[in-house]
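Engineer: Okay, here's the structure, questions in a sec.
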Amino acid sequence: MKSRKYPVSYVEMGEEPDGHYMLPEDYAALYVQFASAMHKVDPSLKLGGPIFTGQNKDVEVWADSSGNPSFTGRFINYLKSHDALQDLAFFSFEHYPYDPCKFQWGSLYDEPALVSNIMQVWRDDGVPANVPMLITESNISSSDSENSVDIFGALWLADYVGSFFTAGGDGLYYFHYIPGGVHPGCNNSPGGFGFFNVDANGQLTQPLSQFFASQLINLEWLRPGPEPHKLFAAISDIQDDAGHVLVTSYAAQRPGGDWSLLIINKDQENAHSVWLRFNSESKSSSAFTGNVQATVFGRAQYAWQPLKKMADPDGPAAHSELHVDANTAFELPAASIIVLRGQLAAVR
């Protein structure tokens with residue numbers, strides 16, 4: 003690859019060692035061996051792993067002599083004991099949070115806790131705070147289904163991305179960009195992973211729900227390019243009778259100084275009106291004021307038709323410009339993603 007001048011930023015070492023039932027010391031020994039060989043070719047290569055399968059809890063193996071069953075903890079200990087921790091430039095894993103064919107609409111409520119909790123598990127196992135965390139493969143479940151191409155798939159993706167980065171994640175890669183189309187999935191219902199539907203010849207016929215969600219994330223909420231963004235935690239008091247948070251929100255200050263909110267209304271049936279406040283450490287409060295760019299993607303823009311194996315309507319997201327003040331209530335359609343972007347002014 004170097005001789006052909008392909009740029010290489012990161013190299014993952016191995017593939018799903020937990021799924022292959024490796025012991026952490028065996029994986030770590032191979033990791034150190036290959037890291038040494040690869041750095042002789044290019045000392046600047048950033049190597050990482052272990053690329054766990056999508057797990058929601060610590061990966062445990064047969065306990066060692068000290069009683070430690072943690073794969074990650076023992077992998078890190080091996081690198082330390084062999085003076086090789088510097089060869090771990092990033093810690094990567096997959097994220098498939100839901101059991102195949104065993105999840106439902108209410109499973110959406112769990113995603114923010116699932117992805118943030120597993121990141122904390124890896125840190126507690128000993129992954130150093132200065133080692134970036136990357137998710138390099140992910141989707142709703144390890145088996146495709148109708149949920150992926152329904153509006154459910156879009157809402158899950160937006161919530162997952164927002165919660166991952168807000169919890170301190172450093173890099174996320176969308177794995178299923180290859181146009182695989184739809185085919186029988188869970189309960190023989192047509193579904194699939196990915197951005198696009200295809201015809202019998204593999205030619206693209208239409209974008210699917212996660213394509214539109216990705217547009218809102220990458221083009222509306224965040225600004226494309228290398229400039230840094232600042233992310234801030236957001237809270238919502240909109241809950242159902244069981245205490246599930248129905249509306250989640252992720253706040254970003256973009257490179258130009260404007261603010262954007264990625265909002266997911268996971269209420270399947272009901273719209274909600276919300277009032278927004280941005281609170282500083284000094285307890286002062288601000289709100290959107292003036293012109294706000296609003297982008298909405300919900301059932302009015304997209305609906306999966308399982309009998310036709312296609313989406314109709316099939317986007318695009320709806321764009322509008324709102325003129326607002328501190329007292330403006332923003333309408334969140336049922337089962338929708340909303341991005342609001344504008345300038346703040348102090349609330350007096």
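Basically this note's numbering = 1-based index in the sequence shown + 2. Note that CB positions come from ideal geometry on N, CA and C, so glycine has one too.
Hey, phenylalanine 95 and glycine 50 are a contact pair by Cβ (cut 8 Å); roughly how many whole angstroms apart?
Structural biologist: Not quite, the Cβ-Cβ distance comes to about 10 Å (not below 8 Å), so this is no contact.
Engineer: Could you give the DSSP three-state label for leucine 136: helix, strand or coil?
Structural biologist: strand
Engineer: Would you grab the beta carbon distance between phenylalanine 195 and proline 181 for me? Rounded to a whole angstrom, and I think it's under 8 Å.
Structural biologist: Their Cβ separation, rounded to whole angstroms, is 10 Å, which puts phenylalanine 195 and proline 181 out of contact at 8 Å.
Engineer: On the criterion of 16 or more Cβ atoms from any shown chain inside 10 Å, does glutamine 106 qualify as buried, or is it exposed?
Structural biologist: exposed
Engineer: What residue range does the beta strand (DSSP E) around methionine 312 cover?
Structural biologist: 312–316
Engineer: What is the residue span of the beta strand (DSSP E) that lysine 42 lies within?
Structural biologist: Element bounds for lysine 42: not the beta strand (DSSP E) but the alpha helix (DSSP H), 26–43.
Engineer: What residue range is occupied by the uninterrupted alpha helix (DSSP H) comprising arginine 343?
Structural biologist: Counting along the chain, arginine 343 falls outside any alpha helix (DSSP H), though it belongs to the beta strand (DSSP E) covering 338–344.
Engineer: From the DSSP secondary-structure annotation, give me the bridge partner or partners of proline 19.
Structural biologist: DSSP, once it has assigned bridges, lists no residue as partnering proline 19.
Engineer: If you reduce the DSSP assignment to three classes, tell me which class glycine 292 lands in.
Structural biologist: Glycine 292: strand per DSSP, three-state reduction.
Engineer: Using 10 angstroms around the beta-carbon of leucine 116, count the other beta-carbons present and answer buried if the total reaches 16, otherwise exposed.
Structural biologist: A residue is called buried once 16 or more other Cβ atoms fall within 10 Å of its Cβ, and leucine 116 is buried on that count.
Engineer: I'd like the list of long-range same chain contacts for tyrosine 109, defined as Cβ closer than 6 Å, with 5 residues on each side in sequence excluded.
Structural biologist: As written in the sequence, residue 109 is serine, which differs from the tyrosine given in the question. Closer than 6 Å at the Cβ level, and outside the excluded window around serine 109, lie Tyr100.
Engineer: Which whole-angstrom value is the C-beta distance of aspartate 20 and phenylalanine 73, which I expect to be below 8 Å?
Structural biologist: 6 Å
Engineer: To test your reading of the DSSP string, which unbroken alpha helix (DSSP H) runs of 4 or more residues are found completely within the region 182–259?
Structural biologist: DSSP runs (the alpha helix (DSSP H)) wholly in the region 182–259: 211–217.
Engineer: Helix, strand or coil for serine 145? Go by DSSP, reduced to three states.
Structural biologist: coil
Engineer: In the DSSP assignment, the beta strand (DSSP E) including serine 262 goes from what residue to what residue?
Structural biologist: 261–267
Engineer: Roughly how many whole angstroms lie between the Cα atoms of tryptophan 306 and tyrosine 8?
Structural biologist: 39 Å
Engineer: With DSSP run on the structure shown, which of helix, strand or coil describes alanine 160?
Structural biologist: helix
Engineer: In terms of residues, what are the limits of the alpha helix (DSSP H) holding glutamine 303?
Structural biologist: Taken as a continuous stretch (DSSP letters only), glutamine 303 belongs to no alpha helix (DSSP H), as it is neither H nor E.
Engineer: Are the CB atoms of methionine 40 and valine 63 within a distance shorter than 9 Å?
Structural biologist: no
Engineer: Do valine 326 and asparagine 287 come within 9 Å of each other at the CB atom, strictly closer than that value?
Structural biologist: Inspection of the sequence shows that residue 287 is occupied by serine rather than by asparagine. Not closer than 9 Å, so no.
Engineer: Between which two residues does the alpha helix (DSSP H) holding glycine 75 run?
Structural biologist: 73–83
Engineer: Can you find a heavy atom of the ligand GDP that lies under 8 Å from the Cβ of aspartate 44?
Structural biologist: This structure simply doesn't include the ligand GDP, nor any ligand for that matter.
Engineer: What would DSSP say about glycine 155, mapped onto helix, strand or coil?
Structural biologist: Judged by DSSP in its simplified three-state form, glycine 155 adopts helix.
Engineer: Got a sec, what are the start and stop residues for the beta strand (DSSP E) glutamate 333 sits in?
Structural biologist: Following the DSSP letters along the chain, one finds glutamate 333 inside the beta strand (DSSP E) bounded by residues 332–334.
Engineer: Can you tell me whether leucine 174 is helix, strand or coil according to DSSP?
Structural biologist: strand
Engineer: Could you compute how far the alpha carbon of tyrosine 23 sits from the alpha carbon of glycine 16?
Structural biologist: 13 Å
Engineer: Which residues mark the beginning and the end of the alpha helix (DSSP H) in which glutamate 113 is found?
Structural biologist: It spans 113–126 - the alpha helix (DSSP H) in which glutamate 113 sits, taken as one unbroken run.
Engineer: Would serine 211 and aspartate 152 qualify as a contact pair, given that the criterion is a beta-carbon distance under 9 Å?
Structural biologist: yes
Engineer: Using the three-state DSSP reduction, which class does phenylalanine 166 fall into: helix, strand or coil?
Structural biologist: Note: phenylalanine 166 maps to helix in three-state DSSP.
Engineer: For glycine 317, which option in Val341, Asp126, Gly300 has the closest C-alpha, if you only look at C-alpha atoms?
Structural biologist: Gly300
Engineer: Run through DSSP, which three-state label would serine 286 get?
Structural biologist: coil
Engineer: Within the chosen definition, does the region 334–348 reach the region 260–278 through at least 3 CB pairs nearer than 8 Å?
Structural biologist: yes
Engineer: With serine 322 as the anchor, note down where its beta strand (DSSP E) starts and where it stops.
Structural biologist: 320–326
Engineer: Would phenylalanine 214 and glutamine 303 qualify as a contact pair, given that the criterion is a beta-carbon distance under 9 Å?
Structural biologist: yes
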